[in-house]
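Trainee: Protein chains in written order, with numbering that gives the first Met the number 0: chain A, 0 to 336; chain B, 0 to 336; chain C, 0 to 336; chain D, 0 to 336.
Note that beta-carbon positions come from the ideal geometry of N, C-alpha and C, so glycine has one too.
There are 4 protein chains.
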Amino acid sequence: MMIIMKGGCSDAEVEAVIDKLHGIGAEAHLSRGEFKTIIGAIGDRELIVQIPWAALPGVEGVIPVMKPYKLVSREFHPEGTVVEVGDARIGGEAFTVIAGPCAVETEQQLLESAVAAKEAGATLLRGGAFKPRTSPYSFQGLGEEGLKLLVRARETTGLPVVTEVVDVRHVLLVSRYADVLQIGARNMQNFLLLSEVGMQQKPVMLKRGLSSTIEEMLMAAEYIVRGGNSNVILCERGIRTFETATRNTLDLSAVPLVKELSHLPIIVDPSHATGKREIIPALCKGALAVGADGVMIEIHPDPGAALCDGPQSLELDEFAGLMKEMKRVAPTLGRSL
Amino acid sequence: MMIIMKGGCSDAEVEAVIDKLHGIGAEAHLSRGEFKTIIGAIGDRELIVQIPWAALPGVEGVIPVMKPYKLVSREFHPEGTVVEVGDARIGGEAFTVIAGPCAVETEQQLLESAVAAKEAGATLLRGGAFKPRTSPYSFQGLGEEGLKLLVRARETTGLPVVTEVVDVRHVLLVSRYADVLQIGARNMQNFLLLSEVGMQQKPVMLKRGLSSTIEEMLMAAEYIVRGGNSNVILCERGIRTFETATRNTLDLSAVPLVKELSHLPIIVDPSHATGKREIIPALCKGALAVGADGVMIEIHPDPGAALCDGPQSLELDEFAGLMKEMKRVAPTLGRSL
Amino acid sequence: MMIIMKGGCSDAEVEAVIDKLHGIGAEAHLSRGEFKTIIGAIGDRELIVQIPWAALPGVEGVIPVMKPYKLVSREFHPEGTVVEVGDARIGGEAFTVIAGPCAVETEQQLLESAVAAKEAGATLLRGGAFKPRTSPYSFQGLGEEGLKLLVRARETTGLPVVTEVVDVRHVLLVSRYADVLQIGARNMQNFLLLSEVGMQQKPVMLKRGLSSTIEEMLMAAEYIVRGGNSNVILCERGIRTFETATRNTLDLSAVPLVKELSHLPIIVDPSHATGKREIIPALCKGALAVGADGVMIEIHPDPGAALCDGPQSLELDEFAGLMKEMKRVAPTLGRSL
Amino acid sequence: MMIIMKGGCSDAEVEAVIDKLHGIGAEAHLSRGEFKTIIGAIGDRELIVQIPWAALPGVEGVIPVMKPYKLVSREFHPEGTVVEVGDARIGGEAFTVIAGPCAVETEQQLLESAVAAKEAGATLLRGGAFKPRTSPYSFQGLGEEGLKLLVRARETTGLPVVTEVVDVRHVLLVSRYADVLQIGARNMQNFLLLSEVGMQQKPVMLKRGLSSTIEEMLMAAEYIVRGGNSNVILCERGIRTFETATRNTLDLSAVPLVKELSHLPIIVDPSHATGKREIIPALCKGALAVGADGVMIEIHPDPGAALCDGPQSLELDEFAGLMKEMKRVAPTLGRSL
């Protein structure tokens with residue numbers, strides 16, 4: 000950490016900072032330039048960051064140099080993590096497609112979607128049983144009944160199931176039914192929920208918060224891994240910007256960047272990112288090309304009757320067409336699908 | 000709601016939309032322009048918004064016309080709400096100052112802050128016992144022990160206590176100690192927590208999410224009021240933008256806008272919005288001048304030793320000086336302090 | 000255009016709006032709901048938008064329904080435009096690679112880059128002679144001398160030249176040397192410059208402004224096409240968001256969206272969008288996969304000695320390797336490279 | 000400047016950086032931590048920043064420590080600048096009100112506005128003669144005819160005139176008529192225009208670009224001051240964010256921050272920032288309270304007939320009422336109005 004002193008700081012102020020560093024067993028490297036004095040703090044990072052340096056007299060600001068996460072960093076763990084879910088593998092050479100409806104609505108709707116997903120080549124099934132909704136007047140999901148339908152769809156198709164857990168009190172309940180626990184974008188910094196799923200054995204899919212930086216997403220993953228669960232799959236799903244032509248702005252740059260910074264696999268959800276069915280196939284291919292480990296796609300047998308996110312759901316045959324295209328492209332990018 | 004049809008839509012597609020509207024008992028007003036066909040939907044809003052119109056063939060998009068909230072809207076309840084907490088009133092002519100440390104650290108730190116807050120003229124005490132932190136390695140608060148210290152500070156000073164509840168499982172616990180339940184920015188769309196505090200009697204302070212629109216904040220308040228608790232105080236605390244000179248960008252325009260749209264009181268938290276002690280006094284006066292019902296300010300007897308947010312905490316005498324200034328300005332703006 | 004009236008608007012206020020519409024020869028379609036009254040305005044769009052409806056008594060707001068651009072819209076001109084520059088074609092099946100240094104620095108630096116670009120399969124050469132720089136103390140480009148070096152590089156390699164024009168007074172000068180006139184991101188809404196290049200014969204590459212919406216980019220293109228020059232190539236180059244891990248956030252969703260909205264070709268510039276050499280190859284492949292008509296890539300024989308944007312420049316052999324990869328992928332996406 | 004080396008960098012890579020620093024006469028201060036090596040560069044800032052350090056092998060990144068501007072910084076010039084325009088003073092104790100229509104439309108519209116501005120206590124008149132408009136189909140201003148009308152309004156009222164210059168070719172023309180040259184938000188980084196007005200004697204009002212940081216605004220001012228013109232007035236006018244309830248998000252925190260960083264006066268334009276007449280009076284008082292040196296307000300005798308920005312223009316009597324309020328508040332904040 001670099002501590003930048005104010006222009007006219009006194010020697011006593013510089014000394015006070017250095018003394019405080021020595022007091023916690025850290026070294027201080029002093030650089031005095033013509034205009035600026037900088038003190039490099041070298042020692043135990045956890046101790047150093049606890050002190051509010053910027054609140055000390057004469058200090059202008061503080062510049063962190065080390066990354067604030069460890070367990071999820073590639074420096075710490077150079078080899079890429081592969082998360083196994085049933086027969087599916089997320090990470091490595093595999094390009095994994097997770098498909099299914101936004102919300103579980105009825106047995107027929109779910110089964111039809113699941114069978115179509117399986118036939119087209121998806122390897123996991125998605126479907127929401129508990130739905131966090133911006134409006135208290137919108138459909139909130141079927142709850143445990145939805146989880147049971149997901150299990151039935153798994154029995155029919157063999158596809159492992161990804162579903163969201165929104166309530167700390169439901170972590171065990173959802174774990175009994177689901178194969179992957181999804182943490183939604185709005186809960187990416189719900190640290191209690193992160194800690195709870197960190198204590199489970201089930202793999203976790205962590206969606207990026209819509210105003211979260213890549214660094215914050217990695218720190219949220221750190222909460223989970225630190226709890227003991229290292230099977231974390233990251234998911235880029237768009238960030239909030241001034242552009243209103245799409246619901247959010249899909250940040251595909253995050254994919255190669257995360258690959259540099261972390262060993263965790265990362266997939267892309269273009270359905271929630273854009274909210275626009277027409278451009279989802281293009282973005283799925285984009286995700287494949289930038290090096291994502293998979294995509295999560297919303298599909299629905301009848302988007303015009305969906306209780307949730309109809310306008311962004313692919314019809315089942317559109318999805319099958321897209322899978323064919325991706326299968327043609329994947330090998331030229333060194334991925335198997 | 001206006002349903003905009005695509006350029007070359009067919010008559011059958013237009014008919015299908017109209018039939019669907021009639022099917023839910025709504026009227027359809029058709030406007031055919033040279034280039035665009037628009038169908039106005041008139042009827043029960045709750046039924047109309049359930050249908051994913053944009054997923055129907057021939058539909059280009061949908062434009063909502065009605066506000067998506069009701070109970071918190073000024074149209075529904077023209078008179079401004081005044082929330083009473085002990086002797087303090089939030090709303091009306093009062094300009095309420097809430098002060099205290101970011102986190103409760105020790106009995107002495109808290110009591111010193113509380114006494115200083117009281118002497119300078121604050122009418123509520125803030126202090127965090129449960130701290131949601133971006134890093135799993137940061138101080139997470141004293142928990143219930145912190146709540147007990149807050150009660151001791153209330154007994155000493157008579158100031159009612161505002162403190163954050165972060166966990167749905169702690170709502171009853173925190174309610175036993177606190178006078179106002181704070182919902183933090185990261186939990187603004189934690190709908191379970193909103194529903195829980197909506198079932199309490201205690202007033203709720205709802206902080207705007209850092210990437211939430213004003214409309215979303217009002218919808219979050221709607222969740223609480225709909226649960227039966229109409230004592231909601233909104234809090235503007237900055238939104239995330241590209242500007243990095245301040246931690247967030249304080250959106251003071253939100254204050255007069257919320258006053259137009261809603262009957263709920265709204266206060267401003269410049270400490271978290273900016274993270275910069277030097278500019279907090281100016282922004283407190285700004286909050287007063289734009290018509291806020293109060294401010295929430297972080298103070299600390301020794302910011303350089305704070306375990307949380309030291310750089311944005313005012314020293315106790317700085318705070319006293321600011322209070323004097325605000326008392327001089329308030330009457331010329333029609334506010335009592 | 001839909002004119003939304005306020006909740007308690009009077010009949011006289013509604014009448015006044017309708018009269019004003021009739022006064023300009025437009026029709027008014029009135030929809031009265033239980034809570035809202037809406038007036039659809041149908042007639043000459045150019046006349047209708049001139050009136051500040053939202054400033055009239057009783058009007059709550061105005062919702063445009065028609066797109067604000069015409070000449071560049073796909074509705075107006077369904078077939079995709081292909082811009083020809085020498086032997087290169089931008090649009091259609093071609094995937095065009097434009098490569099070269101950020102700034103022209105020396106004859107050797109430019110020629111080495113141009114020869115490497117040509118050998119690897121690029122079809123246009125980029126290079127800045129006039130550089131708009133955030134700091135007045137940074138290198139500002141070689142000016143006309145740089146243009147002359149670009150011509151020399153074209154003579155050597157046969158590659159047509161793309162270079163930026165920043166000054167309305169230089170449009171003719173730059174046109175004498177360049178094959179494509181580039182309008183930089185900071186000038187996307189420099190309407191004078193847009194009008195000037197609209198009166199030239201030379202193709203124009205219009206870069207998206209870093210805080211411009213897709214709609215504003217299309218309106219900027221409309222300025223050029225309206226001047227008589229329909230050879231416009233759009234360029235997505237990242238928008239400014241809260242994320243600081245990359246210089247800007249590359250908005251690859253813009254590519255398929257623009258393809259829906261407009262007939263103009265669109266390319267992607269991942270070098271300026273991200274500022275990070277390591278992730279540029281991944282994003283070039285992403286651009287290809289989402290359907291862009293090409294990419295513009297910064298290359299440099301010695302990035303560590305570059306006078307401008309060294310950290311985002313690919314080395315010449317990195318670039319050659321990337322070209323090989325893209326050539327392998329392109330046919331599976333139906334593109335020729 | 001601090002140069003951060005990558006985790007596993009070699010000694011040779013560290014040496015290469017140090018040699019390069021020595022080569023330009025700078026000192027290198029080396030700090031080796033357990034995980035990170037940092038090299039502090041001390042010497043001539045202008046020389047140091049020319050080298051693309053981040054493109055050198057083994058370098059992870061570069062952290063600037065010095066501010067990138069000088070002439071406009073308060074460190075360089077501690078006393079606040081007061082810009083004099085006729086009898087008006089911008090800066091110091093004065094709180095300056097600039098009022099007038101968005102665009103000059105007719106002699107009567109302008110004179111009526113100017114007389115009302117003068118009577119209510121404004122000390123400068125604004126009015127646009129050249130209007131940069133997002134759409135090529137919108138009213139573009141009266142041009143030189145508008146400038147002549149502004150002069151007539153000055154002759155009638157004695158109010159000095161602020162008007163925008165958009166074209167480098169018009170700087171001399173506009174200077175002949177105007178008292179203050181305004182650089183609009185879209186031109187804040189039009190460096191040619193900044194250089195041109197830097198060579199004039201007339202004071203310049205520089206509006207913040209809608210996606211510009213405070214630092215970039217100060218660097219744009221540096222361009223002007225470096226040209227020889229130190230009479231620069233900054234203007235905060237809102238930045239582009241995800242919030243759509245207001246046209247832009249007014250960043251009032253920028254005011255006290257700029258006061259810390261720079262000696263230049265800064266005013267606030269709530270009309271363009273918000274686009275909403277109803278909340279402009281509140282924000283004018285907010286600007287006064289946070290310490291701005293003035294406000295610029297759009298007024299119009301008949302907003303419903305305005306050719307430009309009607310919905311954000313105050314009616315003349317609303318403006319007079321606001322002036323009375325501000326006069327009552329100003330003295331309690333130590334400002335004269």
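Any idea what DSSP makes of C/Lys19, helix, strand or coil?
Mentor: Within the third sequence, residue 19 of chain C is the residue found at index 20, counting from 1. It is helical.
Trainee: First and last residue of the beta strand (DSSP E) that includes C/Arg125?
Mentor: As a first step, residue 125 of chain C must be located in the third sequence, where it is residue number 126. Where C/Arg125 is concerned, the enclosing beta strand (DSSP E) stretches over Leu123 to Arg125.
Trainee: Less than 8 Å between C-beta atoms, sequence neighbours within five positions excluded: which residues of the same chain meet that for C/Val254?
Mentor: Residue mapping note: residue 254 of chain C aligns to position 255 of the third sequence, counting from 1. Correct list, in chain order: Glu235, Ile265, Val267, Ala286, Val289, Gly290 and Ala291.
Trainee: Do C/Tyr136 and D/Glu45 have their CB atoms nearer than 8 Å?
Mentor: Translated into the one-based positions of the third sequence, residue 136 of chain C becomes position 137. Translated into the one-based positions of the fourth sequence, residue 45 of chain D becomes position 46. Yes.
Trainee: Against chain C, does B/Val294 count as a neighbour if the rule is that its beta carbon must be under 8 Å from one of theirs?
Mentor: As a position in the second sequence, residue 294 of chain B is number 295, starting the count at 1. It does not; no Cβ of chain C falls within 8 Å.
Trainee: According to the Cβ coordinates, are B/Arg62 and B/Ile3 closer than 8 Å?
Mentor: Your numbering for residue 62 of chain B matches position 63 in the second sequence. Your numbering for residue 3 of chain B matches position 4 in the second sequence. It should be pointed out that residue 62 of chain B corresponds to Ile in this sequence rather than to Arg. Yes.
Trainee: May I ask which residues mark the beginning and end of the beta strand (DSSP E) holding B/Met0?
Mentor: Residue mapping note: residue 0 of chain B aligns to position 1 of the second sequence, counting from 1. Counting along the chain, B/Met0 falls outside any beta strand (DSSP E), and DSSP gives it neither H nor E.
Trainee: Taking B/Val173 as the reference, which of B/Leu249, B/Leu141 and B/Asn247 has the closest Cα?
Mentor: On the second sequence, position 174 is the one that residue 173 of chain B refers to. Nearest C-alpha to B/Val173: B/Leu141.
Trainee: Using 8 Å as the Cβ pair cut-off and three pairs as the minimum, do the segment 118-138 of chain A and the segment 60-76 of chain A touch?
Mentor: no
Trainee: Closest Cβ-Cβ distance between D/Val289 and chain B: below 8 Å?
Mentor: Numbered from 1 along the fourth sequence, position 290 holds the residue referred to as residue 289 of chain D. Output row for D/Val289: interface = yes.
Trainee: Can you tell which of B/Glu83, B/Ile298, B/Leu217 and B/Leu313 has its C-alpha closest to the C-alpha of B/Val103?
Mentor: Walking along the second sequence from the start, residue 103 of chain B turns up at place 104. Of the listed residues, the one whose Cα sits closest to B/Val103 is B/Ile298.
Trainee: Can you tell me the Cα-Cα spacing of D/Tyr68 and B/Leu124, whole angstroms?
Mentor: To locate residue 68 of chain D, count along the fourth sequence from 1; it is residue 69. To locate residue 124 of chain B, count along the second sequence from 1; it is residue 125. Spanning the two alpha carbons is a distance of roughly 42 Å.
Trainee: Could you pull out every residue in the same chain whose Cβ sits closer than 7 Å to the Cβ of A/Gly90, ignoring the five residues on either side in sequence?
Mentor: Counting from 1 along the first sequence, the entry for residue 90 of chain A is found at position 91. Contacts found: Gly79, Thr80, Val81, Val82, Pro264 and Asp292.
Trainee: What's the gap between the Cα of A/Asn228 and the Cα of B/Leu251?
Mentor: On the first sequence, residue 228 of chain A is found 229 positions in, with the first residue counted as 1. On the second sequence, residue 251 of chain B is found 252 positions in, with the first residue counted as 1. Cα to Cα, the separation comes out at about 42 Å.
Trainee: Of the residues that make up the segment 303-321 of chain A, which ones have a beta carbon closer than 9 Å to any beta carbon in chain B?
Mentor: Gly303, Ala304, Ala305, Leu306, Cys307, Asp308, Gly309, Pro310, Gln311 and Ser312
Trainee: Answer yes or no: does any C-beta atom of chain A fall closer than 8 Å to that of D/Arg276?
Mentor: As a position in the fourth sequence, residue 276 of chain D is number 277, starting the count at 1. D/Arg276 does not count as touching chain A.
Trainee: Give the straight-line distance between the Cα atoms of A/Gly22 and A/Val16, rounded to the nearest whole angstrom.
Mentor: By one-based count along the first sequence, residue 22 of chain A stands at place 23. By one-based count along the first sequence, residue 16 of chain A stands at place 17. Those two C-alpha atoms are separated by around 10 Å.
Trainee: Who are the near neighbours of B/Pro300 in its chain, counting only those whose CB is closer than 7 Å to its CB and skipping five residues on each side?
Mentor: Within the second sequence, numbered from 1, the residue matching residue 300 of chain B stands at position 301. Excluding residues within five positions, the ones whose Cβ falls inside 7 Å are Gln108, Glu111, Ser112 and Leu315.
Trainee: Under 8 Å, Cβ to Cβ, is there at least one residue of chain A near B/Met204?
Mentor: Walking along the second sequence from the start, residue 204 of chain B turns up at place 205. No, its Cβ sits nowhere closer than 8 Å to a Cβ of chain A.
Trainee: List the residues of chain A whose Cβ lies closer than 7 Å to the Cβ of D/Lys35, in chain order.
Mentor: Within the fourth sequence, residue 35 of chain D is the residue found at index 36, counting from 1. The contacting residues are Val64 and Met65.
Trainee: For B/Lys326, which residues in the same chain have their Cβ closer than 6 Å to its Cβ, ignoring the five residues on either side in sequence?
Mentor: For the purposes of this step, residue 326 of chain B is taken as residue 327 along the second sequence, with counting starting at 1. Around B/Lys326: Leu336.
Trainee: Looking at C-alpha atoms only, which residue of A/Glu12, A/Val84 and A/Gly24 is the closest neighbour of A/Glu59?
Mentor: Sequence index remark: in the first sequence, residue 59 of chain A carries index 60 (1-based). Relative to the Cα of A/Glu59, the nearest Cα in the group A/Glu12, A/Val84 and A/Gly24 belongs to A/Glu12.
Trainee: Quick check on the DSSP output: the beta strand (DSSP E) that includes D/Glu54 runs from which residue to which?
Mentor: Within the fourth sequence, the letter at position 55 stands for residue 54 of chain D. Glu is not the amino acid found at residue 54 of chain D; the sequence shown has Ala there. Looking at the DSSP string, D/Ala54 is not in any beta strand (DSSP E), and its letter there is neither H nor E.
Trainee: State yes or no: is the beta carbon of B/Val328 nearer than 8 Å to at least one beta carbon in chain D?
Mentor: What you label residue 328 of chain B is simply residue 329 of the second sequence in a count that begins at 1. At least one chain D Cβ lies under 8 Å of B/Val328.
Trainee: Who pairs with C/His28 in a beta bridge, going by DSSP?
Mentor: Here the question's residue 28 of chain C lines up with position 29 in the third sequence. C/Gly39, per the DSSP bridge assignment.
Trainee: Would you say D/Thr105 lies against chain B (beta-carbon separation less than 8 Å)?
Mentor: For the purposes of this step, residue 105 of chain D is taken as the residue at position 106 of the fourth sequence. With 8 Å as the cut-off, D/Thr105 does not count as an interface residue toward chain B.
Trainee: I want to verify the contact list: residues of chain B whose CB lies under 7 Å from the CB of C/Ile41, in sequence order.
Mentor: Start at 1 with the first residue of the third sequence, and residue 41 of chain C comes out as number 42. Simply Ser30 and Gly32.
Trainee: In whole angstroms, what is the alpha-carbon distance linking D/Val160 and D/Cys283?
Mentor: Translated into positions along the fourth sequence, residue 160 of chain D becomes position 161. Translated into positions along the fourth sequence, residue 283 of chain D becomes position 284. Cα-Cα distance, rounded: 20 Å.
Trainee: Can you tell me where the beta strand (DSSP E) holding A/Gln181 begins and where it ends?
Mentor: Position 182 of the first sequence, counting from 1, holds the residue named residue 181 of chain A. First-last of the beta strand (DSSP E) with A/Gln181: Val179 to Ile182.
Trainee: Going by CA-CA distance only, name the one from A/Gly157, A/Glu144, A/Ala272 and A/Gly320 that's closest to A/Gly85.
Mentor: The residue given as residue 85 of chain A occupies position 86 in the first sequence. Nearest C-alpha to A/Gly85: A/Gly157.
Trainee: Mind pulling the beta strand (DSSP E) runs of 3 or more residues that sit fully within the segment 134-172 of chain B?
Mentor: 160-163
Trainee: Going by C-alpha distance, which of A/Cys101, A/Lys201 and A/Ala40 is nearest D/Thr36?
Mentor: Here residue 36 of chain D is taken as the residue at index 37 of the fourth sequence, counted from 1. It is A/Ala40.
Trainee: Given B/Ile97, which residues of its chain have a CB within under 8 Å of its CB, disregarding the five upstream and five downstream residues?
Mentor: Along the second sequence, read from residue 1 onward, the residue named residue 97 of chain B stands at position 98. Contacts found: Ala121, Thr122, Leu123, Leu124, Arg125, Val161, Ile266, Gly293, Val294, Met295 and Ile296.
Trainee: I need the DSSP call for C/Met65, collapsed to helix, strand or coil.
Mentor: Reading the third sequence from its first residue, position 66 is the one you call residue 65 of chain C. Looking at C/Met65 - three-state DSSP - the assignment turns out to be coil, as it is neither helix nor strand.
Trainee: For D/Pro302 and C/Ala54, which I take to be in contact (beta-carbon distance under 8 Å), what is that distance rounded to the nearest angstrom?
Mentor: Numbered from 1 along the fourth sequence, position 303 holds the residue referred to as residue 302 of chain D. Numbered from 1 along the third sequence, position 55 holds the residue referred to as residue 54 of chain C. About 4 Å separates the two Cβ atoms, so the contact holds.
Trainee: Can you name the residues of chain A whose CB is closer than 7 Å to the CB of D/Ile3?
Mentor: For this step, residue 3 of chain D is matched to residue 4 along the fourth sequence. Neighbours of D/Ile3 in chain A, taken as residues at a C-beta separation under 7 Å, are given in chain order as Val64.
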